[in-house]
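Read in the UniProt record's numbering, the sequence shown has 488 at position 488, and its numbers run on one by one without any break.
Working notes, structure below.
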Amino acid sequence: MNQGGVATTNGGSGSGSVGVRIQQSRRLPDFLQSVNLKYVKLGYHYLISNLLTLCFIPAIAALSIQVSQMNLDDLRQLWLHLQYNLVSIIICSAILVFGLTVYIMTRPRPVYLVDYSCYRPPDHLKAPYGRFLEHSRLTGDFDESSLEFQRKILERSGLGEETYVPKAMHSIPPTPSMAAAREEAEEVMFGALDTLFRNTNVSPKDIGILVVNCSLFNPTPSLSAMIVNKYKLRGNIRSFNLGGMGCSAGVIAVDLAKDLLQVHRNTYAVVVSTENITQNWYFGNNKSMLIPNCLFRVGGSAVLLSNKSNDRRRAKYKLIHVVRTHRGADDKAFRCVYQEQDDAGKTGVSLSKDLMAIAGGALKTNITTLGPLVLPISEQLLFFTTLVVKKLFNASVKPYIPDFKLAFDHFCIHAGGRAVIDELEKNLQLLPIHVEASRMTLHRFGNTSSSSIWYELAYIEAKGRIRNRNRIWQIAFGSGFKCNSAVWQALRNVKPSSNGPWEDCIDKYPVKISS
Numbered sequence: 001m002n003q004g005g006v007a008t009t010n011g012g013s014g015s016g017s018v019g020v021r022i023q024q025s026r027r028l029p030d031f032l033q034s035v036n037l038k039y040v041k042l043g044y045h046y047l048i049s050n051l052l053t054l055c056f057i058p059a060i061a062a063l064s065i066q067v068s069q070m071n072l073d074d075l076r077q078l079w080l081h082l083q084y085n086l087v088s089i090i091i092c093s094a095i096l097v098f099g100l101t102v103y104i105m106t107r108p109r110p111v112y113l114v115d116y117s118c119y120r121p122p123d124h125l126k127a128p129y130g131r132f133l134e135h136s137r138l139t140g141d142f143d144e145s146s147l148e149f150q151r152k153i154l155e156r157s158g159l160g161e162e163t164y165v166p167k168a169m170h171s172i173p174p175t176p177s178m179a180a181a182r183e184e185a186e187e188v189m190f191g192a193l194d195t196l197f198r199n200t201n202v203s204p205k206d207i208g209i210l211v212v213n214c215s216l217f218n219p220t221p222s223l224s225a226m227i228v229n230k231y232k233l234r235g236n237i238r239s240f241n242l243g244g245m246g247c248s249a250g251v252i253a254v255d256l257a258k259d260l261l262q263v264h265r266n267t268y269a270v271v272v273s274t275e276n277i278t279q280n281w282y283f284g285n286n287k288s289m290l291i292p293n294c295l296f297r298v299g300g301s302a303v304l305l306s307n308k309s310n311d312r313r314r315a316k317y318k319l320i321h322v323v324r325t326h327r328g329a330d331d332k333a334f335r336c337v338y339q340e341q342d343d344a345g346k347t348g349v350s351l352s353k354d355l356m357a358i359a360g361g362a363l364k365t366n367i368t369t370l371g372p373l374v375l376p377i378s379e380q381l382l383f384f385t386t387l388v389v390k391k392l393f394n395a396s397v398k399p400y401i402p403d404f405k406l407a408f409d410h411f412c413i414h415a416g417g418r419a420v421i422d423e424l425e426k427n428l429q430l431l432p433i434h435v436e437a438s439r440m441t442l443h444r445f446g447n448t449s450s451s452s453i454w455y456e457l458a459y460i461e462a463k464g465r466i467r468n469r470n471r472i473w474q475i476a477f478g479s480g481f482k483c484n485s486a487v488w489q490a491l492r493n494v495k496p497s498s499n500g501p502w503e504d505c506i507d508k509y510p511v512k513i514s515s
């Protein structure tokens with residue numbers, strides 16, 4: 001869109017130059033040069049956010065003056081007045097005490113994130129571009145067109161040369177057996193949990209709630225049962241296994257654990273998020289099903305949550321909000337990420353061309369719900385005013401996009417792919433530093449599905465950027481179609497835990513990613 005009506009300046013003629021000079025003379029250069037509109041907006045935001053305080057200041061000042069002018073006779077009269085109204089005072093006090101008691105008993109229990117860990121696979125599972133493409137060629141399952149398509153996707157994906165694929169995919173031919181899939185699941189889940197228990201000094205016997213999410217691999221016994229068996233968890237543990245819920249299932253698992261922690265007092269909850277690649281590699285030539293091969297990589301996370309009040313002192317974060325959006329009632333949204341068989345009978349996950357548009361619609365619905373919970377009143381007033389003007393006067397006013405940078409200090413956008421990160425950066429008007437964690441996670445670890453938002457948080461911690469009371473927005477998209485958000489608040493200046501995924505490579509980042 002042209003600014004200031006200077007579209008006529010593109011020509012090289014003298015008349016075009018004259019036109020520019022005439023149009024610029026009608027503007028107010030002195031005002032625009034002397035006042036930075038960004039600071040005007042920040043001033044407005046500060047004024048509205050502190051409006052209540054500013055209104056109270058004159059009232060408090062007037063009350064202080066009145067009290068300072070009172071003498072002993074005035075105080076004696078006030079005491080006599082209170083004595084004659086003793087019944088009223090007792091009733092009001094009883095109502096106040098009852099109200100406070102009800103509030104304390106019914107308010108939601110705070111949920112603390114004590115710590116979390118992300119699994120880092122061994123180096124021998126790395127899959128640089130050359131090895132990935134050569135192994136794809138040697139399997140004999142892909143024609144030349146499919147191989148070239150995978151090469152182009154990899155080059156544009158934003159993935160680096162150090163992502164990981166499971167051991168079964170390094171074999172020629174690949175060995176996607178049930179045993180290999182179980183081995184992958186055990187290595188990822190147990191690797192993350194071993195680190196978590198070691199860093200927190202929490203005994204597995206103290207865990208009262210276990211939630212595991214993995215979309216595409218759901219054996220019998222379940223993944224949660226595998227964890228119970230490995231760590232000999234107690235017999236009355238509340239365990240849950242979430243399947244088929246896509247890359248946003250990590251937030252869903254946190255939400256489920258949060259609800260359970262409201263019911264079961266004084267306990268710990270562990271949330272394990274992962275995806276299994278071994279049995280879900282696609283060996284056909286349907287291009288919409290080949291994209292997951294190029295993006296998804298090995299990874300997983302384990303999160304320790306607590307509702308114990310004494311854990312607040314050592315916890316990293318407090319859970320503030322979880323907002324979930326499900327667009328499954330719409331047929332296009334329901335089928336945009338769909339596991340099915342191709343014409344040759346080979347199973348894979350198909351990605352629709354409408355995926356980005358559907359994700360945008362789900363995001364819009366999600367932030368419409370989230371906005372009033374987190375945005376300062378200044379942003380809500382601007383949004384509401386713009387909406388009213390547009391509706392009442394049918395004016396061609398652009399809808400106001402709230403500035404979520406005023407609500408959050410850090411953003412963990414699901415590293416689903418380069419296009420996802422690009423679109424959110426553009427639509428939410430974020431700065432490059434706000435999406436740095438997402439881009440670097442995609443580059444270093446690939447799309448690790450529901451656990452990617454934890455690798456991103458680990459990146460921000462490793463960079464030393466999280467300060468006390470900072471707010472973090474985790475946002476993820478998944479099949480169904482779903483968009484889910486979790487909001488956390490830092491309880492201190494957060495340092496990275498030992499054995500983190502970025503421990504020996506954080507100094508190399510950020511790296512420049514080619515277009």
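C-beta atoms are modelled at their ideal positions from N, C-alpha and C, and glycine is treated no differently.
All values reported here derive from a predicted model rather than from experimental measurement.
Taking a cut-off of 8 Å for Cβ pairs, the segment 477-489 and the segment 88-99 do not touch, as fewer than three such pairs fall below it.
Under the 10 Å beta carbon count, G140 is surrounded by fewer than 16 other beta carbons and is classified as exposed. The bridge partners DSSP lists for S239 are L210. Under the three-state reduction of DSSP, S350 is assigned to strand.
Counting along the chain, the unbroken alpha helix (DSSP H) around C294 starts and ends at 287-295. Going by DSSP, I320 is part of the beta strand (DSSP E) stretching over 317-326.
Taking a cut-off of 8 Å on C-beta distances, the segment 239-253 touches the segment 210-229, as three or more cross pairs fall below it.
Around the Cβ of N71, a 10 Å sphere holds fewer than 16 other Cβ atoms; the residue is exposed.
Here the alpha carbon of K512 sits roughly 14 Å from the alpha carbon of E155. Annotation: P122 to T163 spans about 11 Å, alpha carbon to alpha carbon. Between the C-alpha atoms of I277 and C294 there is a straight-line separation of about 12 Å. In this chain, the beta strand (DSSP E) harbouring F477 covers 471-478. L431 and L75 have their alpha carbons spaced roughly 59 Å apart. Nearest to A181 by C-alpha distance, out of H414, R439, L216, is L216. Bounds of the beta strand (DSSP E) holding T274 are 268-274. Closest option to V420, judged by alpha-carbon separation, among E503, Q262, A362, L196: A362.
In this structure, P173 sits near L138, with a CB-CB distance shorter than 9 Å. G235 and K495 have their C-alpha atoms roughly 35 Å apart. Assignment of Y509 by DSSP, reduced to helix, strand and coil, places it in the coil class. Using a Cβ-Cβ distance cut-off of 8 Å, the segment 410-417 and the segment 441-451 are in contact, since at least three pairs of beta carbons, one from each stretch, lie closer than that value. Fewer than three pairs of CB atoms, one per stretch, sit closer than 8 Å, so the segment 313-326 makes no contact with the segment 375-390.
Pairing A315 with S306 gives a Cβ-Cβ distance under 9 Å.
Taking C-beta atoms as the reference points, R312 and P108 fail to come closer than 9 Å.
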